[in-house]
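The opening residue of the sequence shown carries number 1 in UniProt numbering; numbering runs sequentially from there. C-beta atoms are modelled at their ideal positions from N, C-alpha and C, and glycine is treated no differently. One structure below.
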Amino acid sequence: MTRTSFSGTLAASPLGDARIVTAAEFEFTRIAGRRTTIATPVSPAAGATHVTLHVVRVAAGESFSPDGSVGEENTAVVFDGRGTATVGSRSHPVERAHAVYAPTGQALSLTADAEGLTVYVWRTPLTAGRRPGTDPEPFSTLWDETTQLRGFGGTGQIAPDSDRATMNFVFWPGNGSSQLCLHCGIQQPGQTFNVHLHPDSDEAFIAFEGIGQMYLRDRWIDVAAGDVLYAAPGVLHGARNPHTGPDARRFVTCGGPSPYDPALYSAAGLSSDVR
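Right, dumping it as structure tokens:
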């Protein structure tokens, strides 16, 4: 087994205060002579405020571990393939739609089996004053419906749609995440996760499944699975599935604001205290 680590930020197109980066625009680079490749569509070097987002294609039999992961928060979502995720001393098999959270103080490692493994990895340092959870949950899936936000009306800048999508809180303060969160928006045909902003947080999320639209700044933009949205603090964004009819399918997004935004949990009637 070959282990690959990565600490730098690869070249990325400037983000400004907001940008949608399509999967076709990702620039993959091989790491340290290995077969594993990485693209970095969102990073401080490209203009993000708080968060780095990698897309990693872990080659069969190889492992990826971000250098410095012990000193930062990490979340990862498997986009394709199978393998094993390790957080600290705990390991778990993973496949498409599985999610991983590595809190500050615990290293993240992702190992591919014979199919290879494509993962999206979010990274951010822990902000001063935030503490790690007492017993954070390291493994979950995007389809975890234990804790949800339903009927979200946005933050008031844009008139909300009435057919509102559901969001799964996969990793959040209630299950021990101290800075990064991972939410999954399920936009059934005709549904919208209404336009909103985060005053103090970057937003980096991806289209995980299907085709739909993301709102950015002042308009709706067509996207497909694999595409990435970045919005700086204060920039309006949202997601919707404009497709209806017998052939329409759900549109799924995942990611979240960094640092997490307590307003989303308040909208669900939940505390944002880290457990």
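Which listed residue (the options) has its alpha carbon closest to that of residue i
{"i": "glycine 88", "options": "Ala231, Asn74, Gly151, Thr155", "result": "Asn74"}
{"i": "arginine 62", "options": "His54, Thr37, Asp80, Val55", "result": "Per the sequence presented here, residue 62 reads as glutamate, with arginine not at that position. It is Thr37 whose Cα lies nearest to the Cα of glutamate 62."}
{"i": "isoleucine 158", "options": "Ala204, Arg131, Gly238", "result": "Gly238"}
{"i": "valine 252", "options": "Ala268, His183, Glu25", "result": "His183"}
{"i": "leucine 110", "options": "Leu180, His54, Phe208", "result": "His54"}
{"i": "threonine 118", "options": "Asp161, Gly226, Thr244", "result": "Gly226"}
{"i": "threonine 146", "options": "Pro160, Asn175, Leu126, Phe152", "result": "Asn175"}
{"i": "valine 21", "options": "Val228, Val195, Asp113", "result": "Val228"}
{"i": "phenylalanine 79", "options": "Ala207, Arg30, Ala165, Phe28", "result": "Ala207"}
{"i": "alanine 23", "options": "Ile31, Arg30, Val56", "result": "Val56"}
{"i": "valine 195", "options": "Cys181, His243, Ala224, Ala165", "result": "Ala165"}
Length of the line joining the Cα atoms of residue i and residue j
{"i": "glycine 133", "j": "arginine 35", "result": "35 Å"}
{"i": "histidine 92", "j": "arginine 240", "result": "32 Å"}
{"i": "alanine 232", "j": "phenylalanine 205", "result": "12 Å"}
{"i": "glycine 256", "j": "glutamine 106", "result": "21 Å"}
{"i": "alanine 128", "j": "glutamine 188", "result": "38 Å"}
{"i": "leucine 264", "j": "aspartate 163", "result": "18 Å"}
{"i": "aspartate 247", "j": "glycine 210", "result": "12 Å"}
{"i": "serine 272", "j": "glycine 33", "result": "43 Å"}
{"i": "glycine 71", "j": "histidine 50", "result": "15 Å"}
{"i": "leucine 216", "j": "aspartate 17", "result": "10 Å"}
{"i": "threonine 192", "j": "proline 136", "result": "30 Å"}
{"i": "glycine 190", "j": "glutamate 27", "result": "33 Å"}
{"i": "arginine 219", "j": "glycine 269", "result": "29 Å"}
{"i": "alanine 59", "j": "alanine 97", "result": "18 Å"}
{"i": "cysteine 181", "j": "phenylalanine 152", "result": "18 Å"}
{"i": "glutamate 214", "j": "arginine 30", "result": "According to the sequence as given, residue 214 is methionine; it is not glutamate. Rounded to whole angstroms, methionine 214 to arginine 30 spans 30 Å at the Cα level."}
{"i": "aspartate 222", "j": "threonine 244", "result": "15 Å"}
{"i": "residue 312", "j": "glutamate 95", "result": "The requested residue 312 does not occur in the structure, where the chain is confined to residues 1 to 275."}
Neighbourhood of residue i by C-beta distance below 7 Å, restricted to the same chain and skipping five residues each side
{"i": "serine 140", "result": "Ala99, Val170, Phe171"}
{"i": "leucine 15", "result": "Val42, Ala46, Gly47, Ala48, Tyr230"}
{"i": "glycine 234", "result": "Leu197, Pro199"}
{"i": "arginine 90", "result": "Pro138"}
{"i": "arginine 131", "result": "Ser178, Val274"}
Close beta carbons around residue i, own chain, < 6 Å, minus the five adjacent residues each side
{"i": "valine 274", "result": "Gly133, Pro173, Ser178"}
{"i": "threonine 52", "result": "Ser43, Arg123"}
{"i": "methionine 167", "result": "Leu149, His183, Gly185"}
{"i": "arginine 19", "result": "Tyr230"}
{"i": "aspartate 113", "result": "Arg82, Gly83"}
Residue(s) in a DSSP beta bridge with residue i
{"i": "serine 168", "result": "The question names serine, but residue 168 is asparagine in the sequence shown. The partner list for asparagine 168 (beta bridge, DSSP) reads Gln148, Cys184."}
{"i": "serine 140", "result": "Ala99"}
{"i": "serine 91", "result": "Thr86"}
{"i": "arginine 123", "result": "Thr52, Asn74"}
{"i": "tyrosine 230", "result": "Arg19, Ala204"}
{"i": "serine 258", "result": "Asp202"}
{"i": "glycine 81", "result": "Leu117"}
{"i": "glutamine 213", "result": "Asp222, Arg240"}
{"i": "alanine 45", "result": "According to DSSP, which records beta bridges pairwise, alanine 45 is partnered with nothing at all."}
{"i": "arginine 130", "result": "According to DSSP, arginine 130 bridges with nothing at all."}
{"i": "valine 58", "result": "Leu117"}
{"i": "isoleucine 38", "result": "Thr29, Val56"}
{"i": "threonine 253", "result": "Gly185, Ala207"}
{"i": "threonine 192", "result": "Arg164, Arg240"}
Contacts around residue i, its chain only, beta-carbon distance under 8 Å, and the 5 residues preceding and following it disregarded
{"i": "leucine 108", "result": "Ser65, Pro66, Ser69, Asn74, Ala76, Ala85, Thr86, Val87, Val100, Ala102, Val121"}
{"i": "residue 277", "result": "Outside the shown range of the chain, which is 1 to 275, sits residue 277, and nothing can be said about it."}
is_contact[residue i, chain B] using C-beta, thresh 7 Å
{"i": "valine 55", "result": "No chain B is part of this structure, which consists of one protein chain only."}
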